[in-house]
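Residue numbers (mature numbering (1 follows the signal peptide of the UniProt record, and there is no 0)): -22 to -1, 1 to 733.
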């Protein structure tokens, strides 16, 4: 068997640049700013399930169409009000009873090149829509800014051009719309806070100068008691301010809301019981504006509700019933009713721990599914990095995770990844159980048959210590006619193709067409490392050739297309090589029929030989503590990871087991209806299913991959050494050979110090 490459050399010092948010500091007693230094979590911090804030979830089908995007959710007149955007780009309104039955629905009559910003409803159930009109579907040039009123049947009942008296080319944006009993419709915009009436139009209530200091202009929020708030937010900060309409002022910010992160964003809803409810990450809080105090209402994580991204939108009927939308892993949303459960009705289960640092969301989702269906065990997730606010804290959380494990404090189940787990160290210390016998004939998991090359990758010294249920494929893609039969790319191949097409170096690799971007694309650094003997070979001609090739590219990417339009460069042959991680068969279909709209070739990473140099990247990778008291529970969890694959979810990552992989292949050839589109920037392209031949071609390619990415991401110490040293060559201070020699010495020293 191929020995799985040891990971310990990479993981003694890890810097993670994407940090999780700071959660609300208070519990049930009050507020305050979270300290900048987070307490690193530990497996010792096992706690009982939070029965006082436990809710059950009931998914409500038939209100929001599958694959749609929700844009408005409210509770008016005792009914749930929702607006969503379907896959065909049509806005639809639905009114539903609290038992989930649809009361009425209608399509909102706007053209496909109209893009909404906000919806609001008054007590007579008139719907207000603020939207921008664009020159075309592809254009970002606005031709109008409108406020439209629809009556309770969906018929247009009024329209106001918000830019009718504005100078040409004036900068204007709307940040929120709220309807109040006393003041009617209130609009927060770059012109300040304005009151709208059909008779008088727009009247300024609060000077725009008071809003300019807010991040992102300030979102308008209405509380249950008609009190208005401004919610200002960006990636680093999120605050709530009271609005005083009577005196035209903005109050002091609440002390309960401060540093957050957009990955687990803060959202608000009015509802009975509190002036305002706040959803933040895995919690829902009640907010008392008079006391400036929050109270925990719902613990979504302990309730196993939703996916790890948290709530998308929510409304509060009262403090015991919420309706919320959550993001599905297929890109759409689903609507759920959340109802409080009496503590005495919660069944007792044995707690089993699953720990890691920066745990993959696929694993969290599998835990939620397991906890909902297993009557005997409940898995508690302990993410050591959950509350980190800085790179130093991120490093500390990873170090703490590995220290706990190697000192005998490992969780029952380990969530591992190349970025945060010293797997070789775990194996040497006997921390990980050999899972191989479970998959042998007569074993508990004998019915799970893996893809042969993936199964090979799971082995270390003829044993299996970790398994992964999902994976992605890292590769470059290009037009087949440019590849001219190539299945891999050498640097000389790239140079020849760039010269022949005339594209030039500033755009050949799209947005990766810059010096360090090329190092990433050619960064198959495993081949330069010999962890068994503590040696490396960065002085080889292959690495020096890569440095010389990268130096032909600009310092910074000069790619002409913006973030949403960069794929158009491949369509127009203004770019050639696209770094294209594939998560599923649909990604391949989007490349072929959306991005290139032509036959394509997958050519792996830049390398010096003709082998398939693409890489399998493990996802949802776990191992079992060899000393756990709950082996049966851990094995049940692993089994469940391979039973939950849904072939109809074409966005799910490639499955590792053969049965699920075959189901995914079949699903990739099937039509999904007229409303199935690829989204490429602002464009929608009718999705095309793959033919059986195309599916088999990609399947054969995946099964031919021999490499797997133990070094996933670019935050390992070896990569850091490389990226610290190569600028000296790019800047002309050193030759490529001198830089390679420095990298060789530093990498060798590091490897030997951490063997």
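Using N, Cα and C, we set each Cβ at its ideal position, and we do this for glycine too.
From a predicted model like this one, the values you see are computed outputs, not experimental measurements.
Cβ-Cβ distance between residue i and residue j below 8 Å
i	j	result
residue 496	residue 527	yes
residue 299	residue 278	no
residue 151	residue 448	no
residue 106	residue 97	yes
residue 635	residue 427	yes
residue 569	residue 558	yes
residue 594	residue 432	yes
residue 45	residue 662	no
residue 270	residue 234	yes
residue 677	residue 712	no
residue 281	residue 38	no
residue 590	residue 479	no
residue 563	residue 454	no
residue 166	residue 153	yes
residue 580	residue 679	yes
residue 232	residue 217	yes
residue 258	residue 265	no
residue 59	residue 52	yes
residue 275	residue 297	yes
residue 489	residue 544	yes
residue 611	residue 355	yes
residue 452	residue 592	yes
CA nearest to the CA of residue i, picked from the options
i	options	result
residue 127	728, 151 and 163	163
residue 404	442, 596 and 431	442
residue 99	274, 200, 140 and 676	200
residue 648	637, 26 and 667	667
residue 645	657, 664 and 672	672
residue 323	393, 652, 29 and 388	29
residue 549	61, 123, 571 and 26	571
residue 530	268, 707 and 52	707
residue 380	393, 389, 399 and 373	399
residue 655	713, 711, 565 and 458	565
residue 310	43, 453 and 605	43
residue 101	54, 320, 76 and 109	54
residue 473	487, 465 and 463	487
residue 260	229, 302 and 267	302
residue 582	669, 611 and 683	683
residue 175	522, 159, 48 and 186	159
residue 437	710, 685 and 86	685
residue 696	412, 725 and 670	725
Cross-strand partners of residue i (DSSP beta bridge)
i	result
residue 318	33
residue 662	657
residue 252	249
residue 158	162
residue 108	96 and 125
residue 455	556 and 580
residue 304	289 and 312
residue 71	61 and 84
residue 414	According to DSSP, which records beta bridges pairwise, residue 414 is partnered with nothing at all.
residue 601	392
residue 442	437
residue 221	206 and 228
residue 139	124
residue 175	179
residue 531	The partner list for residue 531 (beta bridge, DSSP) is empty, contrary to what the question assumes.
residue 731	None, per the DSSP bridge assignment.
residue 261	258 and 277
residue 134	128
residue 480	Looking at the DSSP assignment, residue 480 forms no beta bridge with any residue, so it has no partner.
residue 294	300
residue 197	209
heavy atom of the ligand PLP below 7 Å from residue i C-beta
i	result
residue 573	Of ligands this structure carries none, so the ligand PLP is not represented either.
Cutoff 8 Å: residue i Cβ touching any chain D Cβ
i	result
residue 713	Given the protein chain composition of this structure (a single chain), no chain D is represented.
Fill in: Contained beta strand (DSSP E) runs [length at least 3] in the region 670 to 714, N- to C-terminal order
Along the length of the region 670 to 714, whole beta strand (DSSP E) runs at least 3 residues long do not occur.
Fill in: the region 129 to 145 in contact with the region 181 to 190 per 3-pair CB rule at 8 Å
Between the region 129 to 145 and the region 181 to 190, the count of C-beta pairs closer than 8 Å stays below three; the two stretches do not touch.
Worksheet item: Counting pairs of Cβ atoms below 8 Å between the region 594 to 610 and the region 326 to 343, do you hit three or more?
Response: A contact exists between the region 594 to 610 and the region 326 to 343.
Item to complete: Return the chain-ordered ranges of every beta strand (DSSP E) run that is complete within the region 318 to 395 and spans a minimum of 3 residues.
Response: Fully enclosed beta strand (DSSP E) runs of 3 or longer: 328 to 334, 355 to 361 and 391 to 394.
Discussion item. Below 8 Å, how does it come out for the region 157 to 175 and the region 215 to 233: are there three or more Cβ pairs, yes or no?
Written reply: Verdict: yes, contact present.
Practice prompt. Decide if the region 351 to 366 is in contact with the region 402 to 420; the criterion is three or more beta carbon pairs, one per stretch, under 8 Å apart.
Written response: The region 351 to 366 vs the region 402 to 420: no contact.
Item to complete: Take every Cβ of the region 458 to 472, pair it with every Cβ of the region 715 to 730, and state whether three or more of those distances are shorter than 8 Å.
Response: Segments in contact, no.
Practice prompt. Please determine if the region 326 to 339 and the region 69 to 81 are in contact, where contact requires at least 3 C-beta pairs separated by less than 8 Å.
Written response: Taking a cut-off of 8 Å for Cβ pairs, the region 326 to 339 and the region 69 to 81 do not touch, as fewer than three such pairs fall below it.
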